[in-house]
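Novice: Note that full-length UniProt numbering gives residue 63 to position 63 of the sequence shown, counting from 1, and the numbers run on in steps of one.
Here a beta-carbon is modelled for each residue, glycine too, at the ideal position from N, C-alpha and C.
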Amino acid sequence: PNIEIQDPKITKFGNYWFITYTGGVLRTADFFSWQLVSIGATNKYKQITAPSLIHDSDKLMMSFSSYDAKGNYDAYIAPFNYDTSKPNLKKALKLQGLHNVNAVDIYKGARKYYALYTKNKKGSGKIFIATAKKITGKYSTIRKITPPTGMYYYAPTFLQNQASKIIGIMYSS
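#1: Using a Cβ-Cβ cutoff of less than 7 Å, which residues in the same chain neighbour residue 55 once the five nearest sequence positions on both sides are dropped?
#2: Terminal residues of the continuous beta strand (DSSP E) containing residue 75?
#3: What separation, rounded to the nearest whole angstrom, lies between the Cα atoms of residue 149 and residue 172?
#4: Keeping to the same chain, check which residues put their C-beta closer than 7 Å to that of residue 146; ignore five residues upstream and five downstream.
#5: How is residue 46 classed by DSSP in three states: helix, strand or coil?
#6: Looking at the structure shown, is residue 121 part of a helix, part of a strand, or coil, going by DSSP?
#7: Would you kindly work out how many angstroms separate the C-alpha atoms of residue 5 and residue 114, rounded to a whole number?
#8: Quick one: Cα of residue 16 to Cα of residue 51, how far?
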């Protein structure tokens, strides 16, 4: 489709490819016909920023960040409907242990969850990696990646192979 998107991530689940991006989701089975789904602002979530999908056990989830009326960012996880391509924002939960997060990606490892994120205020421009036993946290930061002087990292995502194994990270700078 001919649209501009920000913070994209492409993921395959079932018969569909999903491209999640700030403010929406694109879905396709064949890369020729596309379904465009807007994820609009709500009173609680002023904008769905840098969303990504994760398959957690028998359900599909969307991680995202959003800000409140004061401009404070937090990270969330919400059930994602495969058929409508929309998150259920009424059931969204805050990711515990992650604060001032303006972009987050979650990966389910063999024994724990990994969060790859950037911060909005203190720590801005750096990438952080955290782990937790549950998808909702409480996450503990295990690594910080600082860019070279004069650079700024944002919108990090885990880079996965076809077997859904982590082979690296990708980010914008």
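Specialist: On the basis of the supplied data:
#1: 13
#2: 73-81
#3: 15 Å
#4: 126
#5: coil
#6: coil
#7: Each residue's CA atom was taken as its position, placing residue 5 and residue 114 some 25 Å apart.
#8: Going from the Cα of residue 16 to the Cα of residue 51 covers about 17 Å.
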